[in-house]
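Worksheet: the structure to be examined is printed underneath.
In UniProt numbering, the protein residues as written are 1 to 497.
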């Protein structure tokens, strides 16, 4: 997982990544480059601007537009290229064909993510892109986009058809990809209903991001804020799915924090890094799943505490009599009936000791044998019958390593989330770098769910991890490879409970 700007293990001060915004100026300060610069700064990047147009604008609407001379656009871009090269670029209002041509000439040698927000109409209804420029946008700039971020009306304009339902939106995503963008994010803020649902696809993978819909009113600049937040997250090194979640959370926070201002639609407020669970979207494969979230039982009033992970009933028979009350059975060497018998016996042993036993991966056997709970990794979430697990009344623990995986877990409302790896681990090959203590602290500030810290945890980490907000510490080799596993377990139980 890429680190939040405030995280990391070095005290050396790193320069803020540079982001460019190529967009129009909003004299009311709510949208355009003003919103972009505020967003860049709030997320820990340095914003540079190329002003494509001046708008006389307030919360009630746009009263005049003056398009920047193409030579001046060229001069701004040359000045930035000579000194302040970006890590990401956000492109917003372009006004006309000449503006598009001027910008296009400078994109060819920029090997950085480009977020294109195809601004066509202001929130007030004022036209911001001339109709004869739309084809130039399609042909010259969209093929350069890392992410194209139209709202529903903009997607309809680009495709020349109405989008009435989720199937239409998914089809639109595929057709917009055909214009050449690497990925497409169709924003659902203009939709109706209790939730706001966005659709993203790159042609290989697709997902829906769902969040609670905020009351209409104070949302001026929300589209600009979303696209610039996405560019900032990409500039900070987050992979695309993480960047989507961060941007969606940031704009949700910005709408929530907006205050009445002016006579019309008040601007959103670009606060700091989003850390409120209510602003985080939940991520699903389908829109229907996003509107019908599951909910799993909690684990009771007692903290999960010390959480050893073992691979056999033999270990359960050694550890549970010592007072272990939470444990996971992760069996890798057995198949068929041998596996079924091992899990059946494990459930019986755990029940006799009043231990909360989670079965790793094998959810169907866990249901059949009446286990307490199941622990699933992200890959397993794609194939498991999650509704069946919930209907059976089992608890669910979910592994998370980054923003998009947390958002995926939020869609399920699990019994706990495992956060890791906190430190370097040799137990298995990991696709993710260690998250570290600061990431755990951030997740504790953000999430109400019990958090299980896992990955490379040793005894000298205990106090720090507990103070950082971990509800439970999961270990494997700290016990199974100890010289005296029973003595080691007693030590952990004394300190983690």
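The C-beta atom is built at its ideal place from N, Cα and C for all residues, glycine as well.
The region 408-426 in contact with the region 436-450 per 3-pair CB rule at 8 Å: yes
Beta strand (DSSP E) segment containing residue 46, residue limits: Stepping through the chain shown from its first residue, residue 46 is reached at position 46. Counting along the chain, the beta strand (DSSP E) containing residue 46 begins and ends at 46-58.
Of the residues 42, 362, 246, 133, the one placed nearest residue 101, counting alpha carbons only: Within the chain shown, the letter at position 101 stands for residue 101. Checked all of 42, 362, 246, 133; the closest Cα to residue 101 is 133.
Own chain residues within Cβ distance below 6 Å of residue 1, not counting five before or after: The residue you call residue 1 lines up with position 1 of the chain shown. Note that residue 1 scores a pLDDT of 40, beneath 50, so its modelled location is shaky; the value from the coordinates is reported in the next line. Here the set comprises 401, 402, 432, 435.
Distance CB(residue 396)-CB(residue 365) smaller than 9 Å: The residue given as residue 396 occupies position 396 in the chain shown. The residue given as residue 365 occupies position 365 in the chain shown. Contact flag unset, no.
C-alpha gap between residue 467 and residue 490, whole angstroms: Your numbering for residue 467 matches position 467 in the chain shown. Your numbering for residue 490 matches position 490 in the chain shown. So the two alpha carbons sit approximately 21 Å from each other.
Opening and closing residue of the alpha helix (DSSP H) in which residue 254 lies: The sequence position of residue 254 within the chain shown is 254, counting from 1. Segment 240-256, the alpha helix (DSSP H) holding residue 254.
Cβ-Cβ distance between residue 377 and residue 394 below 9 Å: For the purposes of this step, residue 377 is identified with residue 377 of the chain shown, where counting begins at 1. For the purposes of this step, residue 394 is identified with residue 394 of the chain shown, where counting begins at 1. Not a contact, by the Cβ cut-off of 9 Å.
Buried versus exposed call for residue 176 [16 or more other C-beta atoms within 10 Å across all chains shown]: Position 176 of the chain shown, counting from 1, holds the residue named residue 176. So residue 176 ends up on the buried side.
Buried versus exposed call for residue 149 [16 or more other C-beta atoms within 10 Å across all chains shown]: Counted from its first residue, the chain shown places residue 149 at position 149. It counts as buried.
Reduced DSSP category for residue 509 - H, G, I as helix; E, B as strand; rest coil: For residue 509 there is no data in the structure shown, the boundaries of the chain being 1 and 497.
Cut-off 6 Å between Cβ atoms - residues of its own chain near residue 485, not counting five sequence neighbours on either side: Indexing the chain shown from 1 puts residue 485 at position 485. Cβ neighbours of residue 485 beyond the five flanking positions: 479.
Whole-angstrom distance between residue 261 and residue 270, CA atom to CA atom: Your numbering for residue 270 matches position 270 in the chain shown. Your numbering for residue 261 matches position 261 in the chain shown. Distance between the alpha carbons of residue 270 and residue 261 is about 14 Å.
Straight-line Cα distance separating residue 423 from residue 31: Position 31 of the chain shown, counted from the first residue, corresponds to residue 31. Position 423 of the chain shown, counted from the first residue, corresponds to residue 423. Going from the Cα of residue 31 to the Cα of residue 423 covers about 41 Å.
Residue 10 versus residue 460 - alpha carbon distance: Looking up residue 10 in the chain shown gives position 10. Looking up residue 460 in the chain shown gives position 460. The predicted model places residue 10 with a pLDDT of 35, which falls under 50 and marks its position as unreliable; any figure quoted below should be read in that light. Per the coordinates, the alpha-carbon of residue 10 lies some 20 Å from the alpha-carbon of residue 460.
Nearest residue (CA-CA) to residue 147, options 185, 169, 165, 141: In the chain shown, residue 147 corresponds to position 147, counting from 1. Minimum Cα distance to residue 147 is reached at 185.
Inter-residue CB distance, residue 68 and residue 53 (contact presumed, cutoff 8 Å): Translated into the one-based positions of the chain shown, residue 68 becomes position 68. Translated into the one-based positions of the chain shown, residue 53 becomes position 53. Right, their Cβ atoms sit about 6 Å apart.
First and last residue of the uninterrupted alpha helix (DSSP H) at residue 38: Within the chain shown, numbered from 1, the residue matching residue 38 stands at position 38. Its alpha helix (DSSP H) spans residues 32-42.
Residue 145 vs residue 119 beta-carbon contact at 9 Å: Along the chain shown, read from residue 1 onward, the residue named residue 145 stands at position 145. Along the chain shown, read from residue 1 onward, the residue named residue 119 stands at position 119. No, these two residues do not count as a Cβ contact at 9 Å.
Three-pair Cβ contact test at 8 Å for the region 312-331 versus the region 245-253: no
Cβ pair count under 8 Å reaching 3, the region 251-258 against the region 218-225: yes
Sequence-distant residues of the same chain with beta carbon closer than 8 Å to residue 296, five excluded per side: Looking up residue 296 in the chain shown gives position 296. Result list for residue 296: 389, 390, 394, 395, 396, 412, 413, 414, 415, in chain order.
Buried/exposed call for residue 6, threshold 16 Cβ in 10 Å: Along the chain shown, read from residue 1 onward, the residue named residue 6 stands at position 6. Interpretation of residue 6 is limited by its pLDDT of 39, a score under 50 that renders its predicted location unreliable; the figure taken from the coordinates is listed afterwards. Exposed, because fewer than 16 other Cβ atoms sit within 10 Å of the Cβ of residue 6.
Own chain partners of residue 256 with C-beta closer than 7 Å, once the 5 adjacent residues on each side are dropped: Here the question's residue 256 lines up with position 256 in the chain shown. Within the same chain, residue 256 has close Cβ partners 214, 279.
Exposed unless 16 or more other CB atoms sit within 10 angstroms - verdict on residue 458: As a first step, residue 458 is located in the chain shown; it is residue number 458 there, counting from the start. Under a 10 Å Cβ-count criterion, residue 458 is classified as exposed, with fewer than 16 other Cβ atoms of the shown protein chains found around its own Cβ.
Pick from 315, 386, 232, 310 that is closest to residue 86, judged by C-alpha positions: Within the chain shown, numbered from 1, the residue matching residue 86 stands at position 86. Considering only 315, 386, 232, 310, the residue with the shortest C-alpha distance to residue 86 is 232.
Outcome for residue 93 when other beta-carbon atoms lying within 10 angstroms are tallied against a minimum of 16: By 1-based counting over the chain shown, the position of residue 93 is 93. By the neighbour-count criterion, in which a residue is buried when 16 or more other Cβ atoms sit within 10 angstroms of its Cβ, residue 93 is buried.
Minimum length 4: unbroken alpha helix (DSSP H) runs contained in the region 294-355: 313-319, 336-352
Beta-bridge partners of residue 474, as assigned by DSSP: Stepping through the chain shown from its first residue, residue 474 is reached at position 474. According to DSSP, residue 474 bridges with 307, 454.
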